[in-house]
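In our numbering, the protein residues as written are 3 to 462.
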């Protein structure tokens with residue numbers, strides 16, 4: 003979710019930079035209106051769009067077989083956690099919900115203020131709009147088909163103001179502002195949604211001012227400059243007199259229409275969109291060449307399927323199968339695939355090594371391999387602590403962990419793959435607490451021995 007939010011904000015920032023540097027000063031107001039609404043909507047959709055043609059392919063040689071080889075010795079360790087069936091959320095989710103709730107209440111308070119102005123005002127109905135005369139006020143704004151006018155405004159200015167507000171009504175500008183107001187509820191933490199809303203409000207005034215006939219523009223300047231007007235500070239209404247916009251509106255009224263050739267500036271969004279799609283579509287896949295299985299691969303897969311259909315293997319069967327696979331594939335076994343690619347191990351796998359590493363307490367036992375497996379499982383079960391945050395989020399599943407018993411008997415090169423970082427971190431913590439062991443021996447020499455064990459987290 004955080005990744006999605008960051009991508010949305012990054013895309014919005016790029017779109018706004020293009021708007022402010024290339025489009026904002028042009029008089030293509032309707033085009034700019036479409037641009038702002040379309041790009042904000044696209045920023046919410048782009049992270050979900052994946053185009054196969056843009057996907058990257060990375061080969062992963064023999065990955066499945068080496069992992070199967072390591073796991074011959076172990077059945078998954080099942081770790082359970084008792085959790086209540088009640089409703090629970092992580093603190094980040096509570097922060098988001100509380101912020102959205104406050105934003106929604108603030109939105110409702112604005113609607114209530116509009117309702118109060120309407121209920122206390124004098125209402126007159128006309129063909130294309132409803133006029134609400136507000137007592138003891140200088141307000142001048144519209145919301146959908148309602149125009150709010152203060153009774154303190156000079157009567158000679160009423161017609162000019164109403165003509166201006168009728169442009170907002172006919173072009174449904176309130177829908178644009180209401181759209182961004184609703185986006186502010188879910189995206190209250192995102193500063194760019196407020197920037198978008200401010201930009202669209204500017205455009206609405208430029209559009210309405212552009213409809214003033216040339217012969218009336220001088221009077222329109224005087225109207226904008228003649229008074230210190232009150233505003234209601236309601237972000238989703240079109241206010242005629244908004245002090246921060248008056249200077250920009252006068253500048254735009256004096257500006258000559260942009261040449262049509264400058265509409266080509268909108269094409270700058272095309273390579274930007276392609277780049278965004280390339281970014282969202284990139285993913286690691288098995289290359290098509292490797293999807294074509296060799297006869298040897300098919301035989302080993304058939305063998306693996308037959309083994310999985312059996313209840314168990316004898317230790318001799320495991321050893322023979324492990325040696326077969328180990329001798330078939332390269333010595334540097336490729337196994338778990340993480341976020342940054344494959345994890346490659348060198349050394350002699352546990353199932354193949356002549357003398358397995360000796361876990362403390364197993365020195366005098368004949369079957370050191372079985373003792374090692376038993377002690378590893380006891381160690382994991384004893385030190386297990388289901389992360390509370392994972393319980394709250396309902397995260398469960400299997401973590402495949404691979405570590406190396408090094409030549410000096412210490413534990414190193416701990417790598418894993420699981421459904422979530424929380425579970426992976428817990429398994430890493432447990433494995434790193436393993437005691438120092440006696441190193442494994444192969445052909446009379448101490449060797450690094452990679453060992454794999456699957457750990458399953460399950461919520462009851």
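Note that CB positions come from ideal geometry on N, CA and C, so glycine has one too.
Excluding the 5 residues preceding and the 5 following residue i in the sequence, name in chain order all residues of the same chain whose CB lies nearer than 7 Å to its CB.
i	result
residue 92	391, 394, 395
residue 409	441, 448, 449, 450
residue 260	28, 29, 30
residue 105	186, 187, 190
residue 377	361, 363, 364
residue 192	11
What is the C-beta distance between residue i and residue j, in whole angstroms, given that I count them as a contact (C-beta under 8 Å)?
i	j	result
residue 133	residue 149	5 Å
residue 204	residue 250	6 Å
residue 201	residue 38	6 Å
residue 413	residue 382	Between residue 382 and residue 413 the Cβ distance is about 13 Å, and since that is not below 8 Å, they are no contact.
residue 33	residue 265	7 Å
residue 140	residue 155	6 Å
residue 16	residue 429	Contact doesn't hold; Cβ gap of about 39 Å is too wide.
Which of helix, strand or coil does DSSP assign to residue i?
i	result
residue 422	coil
residue 142	strand
residue 405	strand
residue 204	helix
residue 444	strand
residue 357	strand
residue 454	strand
residue 132	strand
residue 44	helix
residue 125	strand
residue 109	helix
residue 266	helix
residue 374	helix
residue 2	With the chain covering only 3 through 462, there is no way to say anything about residue 2.
residue 148	strand
residue 189	coil
residue 104	helix
residue 415	strand
residue 459	strand
residue 174	coil
residue 251	helix
residue 431	helix
residue 197	helix
residue 9	helix
residue 17	helix
residue 169	helix
residue 449	strand
Cutting at 8 Å between CB atoms, please list the residues of its own chain near residue i, excluding the five before and the five after it.
i	result
residue 279	48, 51, 53, 56
residue 400	78, 420, 421, 456, 457, 458, 459
residue 484	A query on residue 484 cannot be resolved here, the shown segment of the chain reaching from 3 to 462 and no further.
residue 171	130, 131, 144, 146, 147, 149
residue 411	359, 438, 439, 440, 441
residue 247	203, 204, 207
State buried or exposed for residue i, treating a residue as buried only when at least 16 other CB atoms are found within 10 Å of its CB.
i	result
residue 144	buried
residue 186	buried
residue 87	Reliability of the predicted coordinates at residue 87 is poor, the pLDDT of 48 falling under 50, and the value obtained from them is presented with this limitation in mind. Residue 87 should be labelled exposed.
residue 277	exposed
residue 435	exposed
residue 417	buried
residue 10	buried
residue 426	buried
residue 169	buried
residue 452	buried
residue 206	buried
residue 127	exposed
residue 256	exposed
residue 338	Unreliable placement is indicated for residue 338, whose pLDDT of 45 sits below 50; no coordinate value is reported for it.
residue 107	exposed
residue 1	Here the chain has residues from 3 to 462 only, and residue 1 is not among them.
residue 402	buried
residue 6	exposed
residue 351	buried
residue 99	exposed
Sorted by chain position, which residues of the same chain lie with C-beta nearer than 6 Å to residue i's C-beta, five sequence neighbours on each side aside?
i	result
residue 176	145, 146
residue 209	31
residue 213	169
residue 14	45, 194
residue 415	406
residue 178	202
residue 254	208
Exercise for the section: Decide if the segment 252-271 is in contact with the segment 18-36; the criterion is three or more beta carbon pairs, one per stretch, under 8 Å apart. Expected result: By the Cβ test, the segment 252-271 is in contact with the segment 18-36, since at least three Cβ pairs between them sit closer than 8 Å.
Exercise for the section: Count the CB pairs spanning the segment 439-451 and the segment 351-361 that are closer than 8 Å, and state whether there are at least three. Expected result: Contact between the segment 439-451 and the segment 351-361 is present, because at least three Cβ pairs lie under 8 Å.
Exercise for the section: Pair every Cβ in the segment 27-36 with every Cβ in the segment 115-129, then say whether three or more of these pairs are closer than 8 Å. Expected result: Taking a cut-off of 8 Å for Cβ pairs, the segment 27-36 and the segment 115-129 do not touch, as fewer than three such pairs fall below it.
Handout entry: Meets three-Cβ-pair contact criterion under 8 Å: the segment 148-165 and the segment 122-132
Key = At 8 Å Cβ cutoff, the stretches touch.
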